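Asks: The C-terminal residue of the sequence shown carries number 1645 in our numbering, and the numbering is unbroken. Just so you know, even glycine gets a beta-carbon here, dropped at the ideal spot from N, CA and C. Small disclaimer: the values here were computed from a predicted structure and weren't measured. The structure is given below, and queries will be raised subsequently.
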Amino acid sequence: MSSTPAPKPPTPSDPRPQPRTHSQDASLPLPVVLAGARGHGRWHLENIRRLEALGVVRLAGICELKPLDEAELEGVSDPSRPPAQSADFGELLDTTGARVAVLCTPLHTHTDLALTAARRGVHVLLEKPPAPSYTEFARMADGIRAAGVVCQIGFQSLGSHALPAVRQLVADGVIGELRGIGAAGAWARDTAYFNRAAWSGRRRLNGADVVDGALTNPLAHAVATSLALAGSCRAEDVASIETELFRAHDIESDDTSCVRISTVRGIPVTIAATLCAGEPSAPYVIVHGSEGRITFWYTEDRVRVNSNTPHRGSYAVHDASYTAHETSYGRSDLLENLAAHLTRGEPLLVPPESTGAFMRVVEAVRLAPDPVALPSSVWRTGQGEAAPRRIVDGVEALVAASAETLSLYSELGASWARPDDRFDRDELSVKSSDSSLILRSSGRAVARYVYRPDVASGLSPRPYLHPVCTLSGRRVTEELPEDHPHHLGVGVAVPDVNGISFWGGSTYVRDLGPRYLDNHGVQVHRGWQRRNAACFVQKLSWRADGEPGAEELIREHRTVTSIELDSQVWALDFAFALTNSTDRPLSIGSPATNGRPGAGYGGFFWRAPKEATAPEAFTAAGTGEEAVHGRTADWVAVAGGDESAGQGWTLAFAGATEDTRRDPWFVRTSEYPGVGSSLAWSERLSLESGEMLVRRVVTVVADGRPDRDAVAAYVNKAVSAATAGTPLPFQSTDPRGD
């Protein structure tokens, strides 16, 4: 975008000539009008002058609110034939007979100016990004198409000859199977950059969308280039988008952000960007393959291939070891390509439809919560080119790690990463030793999954979901509560596996009661089998303690999926497979099997928040804790919150397999609110060496207090959706393997 103010729109009396056909554009040089000649527009002036010397175009006019003076025109215009200048864009197009308009104006003016040119039969080179919203983009593209003119979107990196070369390398199998695309951009911008124009650093201006920001403007090429290399340029190629937006500077838009795009092809695309780097560097895109990688520095048209696949296709690696080869490529200028398209029929490099996926990202940023201000403790002030700038220490490494691992900032343990401001910020703060990810439903963050928890050993450290929220943002889980500090949101907790506690807190000892013992196990994250915004499959190791070399008792495959139901309700599908990885039988017990009647907890467990009024528990057949606790039922629900204040919530739990439905429900409402599905209610459960136990609970998460019939309908819909899909990964995988 340019710092140039928007030219005046055409007046209602402006003539509307019929569009001219491409055959009328066959003669060179093509007369060009440039709208926006200051700021970045200066680059376009110089490029037009270069192409004038080649006889490709002729600078016919410049549209600016304030005309350029002689000093500004020096070196970029023929003194003997100065261009016409006017603040009226439509009039200037008419009087100059322009065939091409180059638009380098503020983003929120793009659509109207492009359509002004199109109605006059003038073709357009439109500076990136094309529009501030997907609606405006569609209006522009439809108008261009209807007018019979063409439009080139100004993503210069998409004119690089490296792009087709990289695509060919991937097609030839040089790096094996394509696994994902990661991009990193670490630039520095000072306060003068954000003060250069009224729209700079803004999300909205005078009620209109602007959507300036690291990903949508200065490092927009990283997004567009990544999508192009993923073969997912069209709007319909995008399945879902996750955003994390932050700001260190005192601005409205983001200056440090990341986005992960799930494509229909199944290729994840992650872009991390910052304008707060201490040591700026050239941005790049990494194409990850099963047998190597390709790194593309798109501002330099430089490509490095690292492959351990020798002599594949048209690219020959020197030997069978992991080797690197680097090549620099040329680039086609987009205005020159537009002229060649109009005069010789050469393919247009960047038509609007090839930027639809990029515009989906712009729309996701536009609709995302406003960027979270980074605390002053994580940034410092340095000197920029013309003014002070803010530096986020360590952000360059974080951006690089995102491109390397295809992870979001929150998943990399950044202490300041808060992916969704809908949650309480204290709940979303992450210690540097933690690792977590965000689960989404209907495009909203609904849960954080902490998979490397930093809790005391006496709490039996284990992965868990917290906070879990309704779609309106109402929290429905609790962690580390005073009444039971070992309760950790939603997870799998078992009090007794051969005497080892994976529940935390005290252990119930027959004839003695609860005792604090040194018997706490730990569930250790081993890796991911699958992970995206709505689903993950995790591999876990249940070990006797947290010390290195501790015995592994159980290997687990855990699948967690969000299910969209309607605008007020979603569901959590939580499945786990526990396999005895020892050479002897394992015995799973509970306080009930150890002598405490009614305390048969252990397995899937959900700790809800404790409120002034205890929640109500009910099933299809009964109401109240006594009526549902220790009984089997197709589903059990708890409803809490102040419904009169619009803060009500309902959770409905259902077994999604026959074995799960045979387990009694453990339900607490009066002492504390919690619901579990019990593995060992009254008798110990034996698990032979190599034997696998599978359970699956689907939980409806609703705002408000739906009645019994509505709850039953939601449960049926959620369980049907969960079980209608493909088999869970562990149903066709040896859980003891990797």
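1. Over what stretch of residues does the alpha helix (DSSP H) that includes Pro1071 continue unbroken?
2. Could you tell me the distance, in whole angstroms, from the CA atom of Ala1631 to the CA atom of Thr1150?
3. Taking the Cβ atom as the reference point for each residue, do Thr1384 and Trp1556 lie within a distance shorter than 8 Å?
4. Is Ala988 buried or exposed, if buried means 16 or more other CB atoms sit within 10 Å of its CB?
5. Apart from the five residues on each side of it in sequence, which residues of its chain come closer than 7 Å, Cβ to Cβ, to Leu999?
6. Check the DSSP bridge columns for Gln1063 and list the partner residues they point to.
7. Beta-carbon separation of Ala1246 and Val1029 under 8 Å?
8. The alpha helix (DSSP H) that contains Tyr1358, what's its start and end?
9. With burial defined as no fewer than 16 other Cβ atoms inside 10 Å of the residue's Cβ, what is the status of Trp1477: buried or exposed?
10. What are the start and end residues of the alpha helix (DSSP H) that includes Asn864?
11. Could you spell out where the alpha helix (DSSP H) holding Lys899 opens and where it closes?
12. Using only the alpha-carbon positions, how far apart do Leu1419 and Gly1412 sit?
13. So Ala1563 packs on Val1604, CB below 8 Å; how close in whole Å?
14. Mark Asn1487 as exposed unless 16 or more other C-beta atoms lie within 10 angstroms of its C-beta, in which case mark it buried.
15. Between which two residues does the alpha helix (DSSP H) carrying Val1306 extend?
16. Would Asp1610 be called buried (16 or more neighbouring beta carbons within 10 Å of its own) or exposed?
17. Run the CB neighbour count on His1218, radius 10 Å, all protein chains shown included, and call it buried at 16 or more, exposed below.
18. Measuring straight from C-alpha to C-alpha, what distance separates Ile1178 and Glu1471?
19. Straight-line CA distance for Asp1001 to His1195?
20. Taking the Cβ atom as the reference point for each residue, do Ala1093 and Val1306 lie within a distance shorter than 8 Å?
21. Determine the direct distance from the alpha carbon of Ala1506 to that of Glu1590, and round the result to whole angstroms.
22. Go to Tyr1191, then tell me how far its beta strand (DSSP E) extends in each direction, as first and last residue.
23. Just to confirm, is the Cβ distance from His1393 to Arg1238 under 8 Å?
24. What residues are listed by DSSP as bridge partners for Lys973?
25. Taking only three categories from DSSP, how would you classify Pro1374?
26. Look up Ile1461 in the DSSP assignment and say whether it is helix, strand or coil.
27. Residue range of the beta strand (DSSP E) that His1030 falls in?
28. Rounded to a whole number of angstroms, what is the C-alpha to C-alpha distance between Ser984 and Pro936?
29. Can you give the Cα-Cα distance for Ile1461 and Leu1395, rounded to whole angstroms?
30. Quick test of the definition: if touching needs 3 or more C-beta pairs under 8 Å, does the segment 1483-1497 touch the segment 1523-1532?
31. Return the Cβ separation of Gly1138 and Arg1167 in integer angstroms, given the expectation that the two are a contact with Cβ distance under 8 Å.
32. Going by alpha carbons, who is nearest to Val876 out of Ala1048, Phe1203 and Leu1033?
33. In terms of residue numbering, what span does the alpha helix (DSSP H) encompassing Gly948 cover?
34. If you follow the beta strand (DSSP E) that Arg1211 is in, where does it begin and where does it stop?
35. Report, in whole angstroms, the separation of the C-beta atoms of Pro1647 and Pro1580, which I expect to be a contact under 8 Å.
36. Beta-carbon within less than 8 Å of Asp1341's beta-carbon, same chain only, minus the 5 sequence neighbours each way: which residues are those?
Replies: The short version:
1. Here residue 1071 refers to the residue found at position 164 when the sequence shown is read from its first residue. Residues Ala1069 to Ala1078.
2. Working through the sequence shown from its first residue, we reach residue 1631 at position 724. Working through the sequence shown from its first residue, we reach residue 1150 at position 243. Taking the straight line from one Cα to the other gives about 29 Å.
3. Here residue 1384 refers to the residue found at position 477 when the sequence shown is read from its first residue. Here residue 1556 refers to the residue found at position 649 when the sequence shown is read from its first residue. No, they are not a contact pair.
4. What you label residue 988 is simply residue 81 of the sequence shown in a count that begins at 1. Looking at the sequence itself, residue 988 is Arg, so the reference to Ala does not match. Result: exposed.
5. Walking along the sequence shown from the start, residue 999 turns up at place 92. These residues qualify, in order along the chain: Val940, Gly968, Cys970, Ala991 and Ser993.
6. On the sequence shown, position 156 is the one that residue 1063 refers to. In DSSP, Gln1063 forms no bridge with anything.
7. Within the sequence shown, residue 1246 is the residue found at index 339, counting from 1. Within the sequence shown, residue 1029 is the residue found at index 122, counting from 1. Taking 8 Å as the Cβ cut-off, Ala1246 and Val1029 do not qualify as a contacting pair.
8. Looking up residue 1358 in the sequence shown gives position 451. Run containing Tyr1358: none; DSSP gives neither H nor E here.
9. Against the sequence shown, residue 1477 aligns to sequence position 570. Buried is the call here.
10. Outside the displayed span of the chain (908 to 1645) sits residue 864, for which this structure offers no information.
11. This structure gives no information on residue 899, because the portion of the chain shown stretches from 908 to 1645.
12. Start at 1 with the first residue of the sequence shown, and residue 1419 comes out as number 512. Start at 1 with the first residue of the sequence shown, and residue 1412 comes out as number 505. Whole-angstrom Cα-Cα distance: 16 Å.
13. For the purposes of this step, residue 1563 is taken as the residue at position 656 of the sequence shown. For the purposes of this step, residue 1604 is taken as the residue at position 697 of the sequence shown. Their Cβ separation, rounded to whole angstroms, is 7 Å, which keeps Ala1563 and Val1604 in contact under 8 Å.
14. Counting from one through the sequence shown, the residue named residue 1487 turns up at place 580. It counts as buried.
15. Position 399 of the sequence shown, counted from the start, is the residue given in the question as residue 1306. Where Val1306 is concerned, the enclosing alpha helix (DSSP H) stretches over Val1302 to Thr1312.
16. Taking the first residue of the sequence shown as 1, we reach residue 1610 at position 703. Asp1610 is buried by the Cβ-count criterion.
17. To locate residue 1218, count along the sequence shown from 1; it is residue 311. Low confidence applies here, because His1218 scores a pLDDT of 38, under 50, leaving its location unreliable; read the following figure in that light. Flag for His1218 reads exposed.
18. Counting from one through the sequence shown, the residue named residue 1178 turns up at place 271. Counting from one through the sequence shown, the residue named residue 1471 turns up at place 564. Cα-Cα distance, rounded: 26 Å.
19. Here residue 1001 refers to the residue found at position 94 when the sequence shown is read from its first residue. Here residue 1195 refers to the residue found at position 288 when the sequence shown is read from its first residue. Cα to Cα, Asp1001 sits roughly 50 Å from His1195.
20. On the sequence shown, residue 1093 is found 186 positions in, with the first residue counted as 1. On the sequence shown, residue 1306 is found 399 positions in, with the first residue counted as 1. Result yes, Cβ atoms of Ala1093 and Val1306 sit closer than 8 Å.
21. Taking the sequence shown and counting its residues from 1, one reaches residue 1590 at position 683. Taking the sequence shown and counting its residues from 1, one reaches residue 1506 at position 599. Distance between the alpha carbons of Glu1590 and Ala1506: 12 Å.
22. As a position in the sequence shown, residue 1191 is number 284, starting the count at 1. Run containing Tyr1191: Tyr1191 to Gly1196, per the beta strand (DSSP E) assignment.
23. As a position in the sequence shown, residue 1393 is number 486, starting the count at 1. As a position in the sequence shown, residue 1238 is number 331, starting the count at 1. Not a contact, by the Cβ cut-off of 8 Å.
24. By 1-based counting over the sequence shown, the position of residue 973 is 66. For Lys973, which the question treats as bridged, DSSP gives no partner whatsoever.
25. Within the sequence shown, numbered from 1, the residue matching residue 1374 stands at position 467. The answer is strand: DSSP assigns Pro1374 an E or B state.
26. Counting from 1 along the sequence shown, the entry for residue 1461 is found at position 554. Strand, per DSSP.
27. Here the question's residue 1030 lines up with position 123 in the sequence shown. First-last of the beta strand (DSSP E) with His1030: His1030 to Glu1034.
28. Translated into positions along the sequence shown, residue 984 becomes position 77. Translated into positions along the sequence shown, residue 936 becomes position 29. Those two C-alpha atoms are separated by around 15 Å.
29. Working through the sequence shown from its first residue, we reach residue 1461 at position 554. Working through the sequence shown from its first residue, we reach residue 1395 at position 488. Near 20 Å, if we compare the C-alpha coordinates of Leu1395 and Ile1461.
30. no
31. For the purposes of this step, residue 1138 is identified with residue 231 of the sequence shown, where counting begins at 1. For the purposes of this step, residue 1167 is identified with residue 260 of the sequence shown, where counting begins at 1. That pair is no contact at about 17 Å.
32. Look at the range of the chain in this structure, 908 to 1645, and you will see that residue 876 is not part of it.
33. Position 41 of the sequence shown, counted from the start, is the residue given in the question as residue 948. Taken as a continuous stretch (DSSP letters only), the alpha helix (DSSP H) holding Gly948 covers Gly948 to Ala960.
34. As a working note, residue 1211 is residue 304 in the sequence shown. Taken as a continuous stretch (DSSP letters only), the beta strand (DSSP E) holding Arg1211 covers Arg1209 to Ser1214.
35. One cannot answer for residue 1647 here, as it falls past the ends of the chain, which runs 908 to 1645.
36. Mapped onto the sequence shown, residue 1341 falls at position 434. Per-residue confidence for Asp1341 stands at a pLDDT of 43, beneath the threshold of 50, marking its modelled position as unreliable; no derived number is given.
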